[in-house]
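By the working numbering, the letter at position 271 of the sequence shown is numbered 545, and the numbering carries on one by one without gaps.
Even for Gly, the Cβ is constructed at its ideal location relative to N, Cα and C.
Remarks on the structure that follows.
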Amino acid sequence: QVKQATNQIVMNCADIDIITASYAPEGDEEVHATGFNYQNEDEKVTLSFPSTLQKGTGTLKIDFVGELNDKMKGFYRSKYTTPTGDTRYAAVTQFEATDARRAFPCWDEPAIKATFDISLVVPKDRVALSNMNVIDRKPYPDDENLVEVKFARTPVMSTYLVAFVVGEYDFVETRSLDGVLVRVYTPVGKAEQGKFALEVAAKTLPFYKDYFNVPYPLPKIDLIAIADFAAGAMENWGLVTYRETALLIDPKNSCSSSRQWVALVVGHELAHQWFGNLVTMEWWTHLWLNEGFASWIEYLCVDHCFPEYDIWTQFVSADYTRAQELDALDNSHPIEVSVGHPAEVDEIFDAISYSKGASVIRMLHDYIGDEDFRKGMNLYLTKFQQKNAATEDLWESLEKASGKPIAAVMNTWTKQMGFPLIYVEAEQQEEDKVLKLVQKKFCASGPYTGEDFPMWMVPISICTSDDPTCAKMQILMDKAELTLVLKDVKPDQWVKLNLGTVGFYRTQYSPDMLESLIPAIKDLSLPPVDRLGLQNDLFSLARAGIISTVEVLKVMEAFVNEPNYTVWSDLSCNLGILSTLLSHTDFYEEIQVFVKDVFSPIGERLGWDPKPGEGHLDALLRGLVLGKLGKAGHKATLEEARRRFKDHVEGKHVLSADLRSPVYVTILKHGDSTTLDTMLKLHKQADMQEEKNRIERVLGAISQPELIQKVLTFALSEEVRPQDTVSVIGGVAGGSKQGRKAAWKFVRDNWEELYNRYQGGFLISRLIKLTVDGFANDKMAAEVKAFFESHPAPSAERTVQQCCENILLNAAWLKRDAENIHQYFLQRKAPPAMV
Ligand code: BES
Ligand code: ZN
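This is the structure in structure tokens:
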């Protein structure tokens, strides 16, 4: 539609050559454009017409040639191997955020919605898929080897959700309870591996239909595994694309964590079919609406499908704490952030949009209650369907449904960066406890000293030892300080804030209050998610220098009786961070002793082989603990790992999928060139991408310099898929002290190739973070900064700043606490003094 008379049309277009363009006003003759002026920087083209196009509707026709690139964006080719070993290429799309313009000239913004009629001319022996179902398929007149496949018209939708795929695939299919045809497309010969995702998808569609009370609007949905794929998965409407490892499950060779990952990713992308596809963000500033929401509800969906995963506890460790770690930095950003250039858009696919977004929605859901929350969701989705919406629109719907001041509360969480630290102390007054709460911004660098005093509206919940699972008091803290009276709380009762670790804040207890909580960790009377949160808060307070790290080490020792996988996983992660820090000292071995001490009791309880009646979480826990012990050099674990590995390689006794990662990492950490060669051989032989990835991620555990080089060279070889290079290099950087230096040098030496491979994109940010985050001296921060000043990576600018900040924080931490930690380790080892 021409809204205003003009002789120019400007549209998005990148790496495309326009051959002819014409505009035909409705019922009138077409006018040919005479000039195509490309503004490459802006990814736009201006079509100039010899006469004025008058107001009214018409048809714009463009003949153009684009490139089937190999950059994993736009319309690109993905390499795969056939069952007989031939190399072939599939043609696939990845348009989010701003790459539809590489496939066809268009107005490539989420708020400019249109219907799409797509036809593909493809070799007749290939599968051709798009968002909609096929409505016609006929021989292509000019070439008998080709067919023309025509797809039904799409609903009104944004360009970034358009997709097409041409290649060789098998599939499994079913019809979901609500009548949608669901197919999972797999590499040829691997249809069986699509069954797990198919089941999850078939359960998930009716779950969302019911949750939102809005049906899935298309007649079909395809989920397809793509060999070369930059993200984890992409929610194209009706044709969701996945990395192979995010979709394929082999009953024998897939481990429990892969199943869980597939379930989460399927749950995430299917949620977008409503939240994102049906109702789309107005602009990328509101990306978090899409991603934060999907990252929250994927857990709700997995909890529905697999209650035995205890997935909500895992949310806290995977998303909530990760978000807080990032958001405590001076170089964080508000959830809602203004973005313009595509590089800025790429930059916000980060833990703030995803994990903080999901965490504040979880807090909000808890504050509103499920029933009103669902009502509000339905209101929002029906009001804005086929349209676009901004953050305020969601608040308005939820406010209507709940009668609570949603916008006022949520603006404090989405418009300003960071989150509060709540300091709490208690005073006994006869039968009551009087609590004093103070909120201040939490900073990774220590007590907040800024001039303005950012405030949050914080839903606070408080419980006592009387009933640790039930809030004794709930209150919205809307000012800096608050005094509360808890009635009938005896002196010997403990008090805890943030029940369920739902509120997006950290808590600092007065020393007395903290001390009274420790027994509740030991005797497990505090629920798992609260034990996890308490430990994690303390760890981050130590990192910020607000309490001493030795205090936290003592608390960690109180987890001797801990049975919960996720609690262990979070603790293990923190010990990993500390271990990396102490790799800069000469008492690195001491922390390995500490790790062995903390993990051996649970290791002994678990043993190597599953016991009858065990489930998903036991399998995860066993893998975690054995891997931790093995890496730390626990003798019995190392010996058993070597024995089992030998049997595995010799084909005598194949390792169960859940034991492979821990065994691989153990034998590599303490291995030599023969070990590495064996692992590389296993990698070559592996048929499943999951197994290849499993091996790629642990190769960096090897510590001899020449072997590290071998792994780094391997990372860029043909053996590793382009998207997986990042995790191989990251594995080296995280694997050892030597690896960290070598990986950083490797990234610098191969910068051009790496940058080119990912064309900016978010993988480059991930690579940078994995490579440099573990350094711990001021000089390295300066070196990293200088390197990226001379080798700019626009989409990773903020990541670079965050990394430099982290390096400085590590340096300060080391200076502050290393000596005390060392003393503590020595004193632990010393025999108790005689009296
Ligand atoms: N919309 C994203 C895919 C995406 C990511 C496109 C980055 C462009 C840039 C998709 O919904 C997504 O979030 N995928 C996640 C997996 C999910 C389970 C967190 C991913 O790719 O990591
Ligand atoms: Zn998403």
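**Report entry** Stretch pair the region 563-576 + the region 611-618: three plus CB contacts closer than 8 Å
**Finding:** No, they do not touch.
(request) Would you be able to state if there are at least three C-beta pairs under 8 Å between the region 499-519 and the region 959-975? (result) The region 959-975 vs the region 499-519: in contact.
| Helix, strand or coil at K920 [DSSP, three-state] | helix
*Residue from H306, A1092, A664, E725 with nearest C-alpha to V824*: Ranking the options by Cα distance to V824, first place goes to A1092.
Hey, K902 and S977 are a contact pair by Cβ (cut 8 Å); roughly how many whole angstroms apart? Not quite, the Cβ-Cβ distance comes to about 17 Å (not below 8 Å), so this is no contact.
**Prompt:** Going by beta carbon distance, what residues of the same chain come within less than 6 Å of L403, once the five residues before and after it are set aside?
**Reply:** So the list reads V439, D496, L513, once near-sequence residues are dropped.
Quick check on the burial criterion: 16 or more other C-beta atoms within 10 angstroms. Buried or exposed for E565? With 16 or more Cβ atoms within 10 Å of its Cβ, E565 is classed as buried.
Counting beta carbon pairs with one atom in the region 812-823 and one in the region 629-642, are three or more of them shorter than 8 Å? No, the region 629-642 does not touch the region 812-823.
Report task. Can you give me the Cβ contacts of V366 inside the same chain, cut-off strictly under 6 Å, excluding the 5 residues immediately before and after it? Result -> S352, V439, I500
Next item on the list: Would you tell me roughly how many angstroms separate the C-alpha atoms of R971 and E1079, rounded to the nearest one?
Entry: 26 Å
Original post:
Could you check where the alpha helix (DSSP H) with D289 kicks off and where it finishes?
Top reply: From DSSP, D289 is part of no alpha helix (DSSP H); its letter is neither H nor E.
Supposed close pair A545, A568 - CB separation, criterion 8 Å = 4 Å
Exercise for the section: Please look up how many angstroms separate the CB atoms of V939 and A975, rounded, as I've assumed it's under 8 Å. Expected result: 5 Å
* To do: Verify the contact flag: G720, CB atom, against every heavy atom of the ligand BES, threshold strictly below 6 Å.
  => Not one heavy atom of the ligand BES falls within 6 Å of the beta-carbon of G720.
| said: Please report the straight-line C-alpha distance between K477 and L552, rounded to a whole angstrom. | reply: The straight-line gap from Cα to Cα measures roughly 20 Å.
Practice prompt. Mind listing which residues have their beta carbon within less than 5 Å of any non-hydrogen atom of the ligand ZN? Chain order is fine.
Written response: E565, A568
*With respect to the alpha helix (DSSP H) encompassing G541, which residues constitute its N-terminal and C-terminal limits?*
530-546
Going by the C-beta, is V539 closer than 6 Å to any heavy atom of the ligand BES? yes
Terminal residues of the beta strand (DSSP E) in which L711 lies | 706-715
| message | DSSP has I500 in a bridge; who is on the other side? | response | Per DSSP, the beta bridge partners of I500 are R517.
Exercise. With respect to the alpha helix (DSSP H) encompassing P875, which residues constitute its N-terminal and C-terminal limits?
Worked result: 862-880
* Buried versus exposed call for L451 [16 or more other C-beta atoms within 10 Å across all chains shown] -> exposed
How about the region 844-858 and the region 784-799: do they share at least three Cβ pairs that are nearer than 8 Å?
-> no
- Query: Is H615 near the ligand BES, going by C-beta to nearest heavy atom under 6 Å?
  - Reply: Checking the Cβ of H615 against the ligand BES gives no.
Using a Cβ-Cβ cutoff of less than 6 Å, which residues in the same chain neighbour E755 once the five nearest sequence positions on both sides are dropped?
V712
**Asked** Between I626 and F549, what straight-line distance do the alpha-carbon atoms span, to the nearest angstrom?
**Response** 18 Å
Just to confirm my understanding: we take S530, look at its own chain, exclude 5 residues before and 5 after, and list those with CB closer than 6 Å. What are they?
Cβ within range, chain order: H890, A893, L894, D932.
At least 3 beta-carbon pairs within less than 8 Å: the region 370-390 vs the region 324-341: yes
- Message: Give me the residue from L342, T665, F868, V803 with the minimum Cα distance to P837.
- Response: V803
Review point. If you drop the 5 nearest sequence neighbours on each side, which residues of the same chain put their C-beta closer than 8 Å to that of G692?
Key: D601, A602, S606, K715, F716, C717, P728
Could you tell me whether the Cβ atoms of L435 and N510 are closer together than 7 Å? Note that the C-beta distance between L435 and N510 is below 7 Å.
Next on the checklist: Taking the alpha-carbon of H1096 as reference, which of Q866, W562, W730, G897 has the nearest alpha-carbon?
Outcome noted: For the residues Q866, W562, W730, G897, the minimum Cα distance to H1096 belongs to Q866.
#### Entry: Within the region 646-690, ranges of the alpha helix (DSSP H) (whole runs, at least 4 residues)
665-676, 680-688
Is H542 near the ligand BES, in the sense that its beta carbon is under 6 Å from a heavy atom of that ligand? Yes, the beta carbon of H542 sits closer than 6 Å to at least one heavy atom of the ligand BES.
*beta strand (DSSP E) containing R411: first to last residue?*
Run containing R411: 408-413, per the beta strand (DSSP E) assignment.
Under 7 Å, do D1052 and A1086 count as touching if we go by C-beta distance? no
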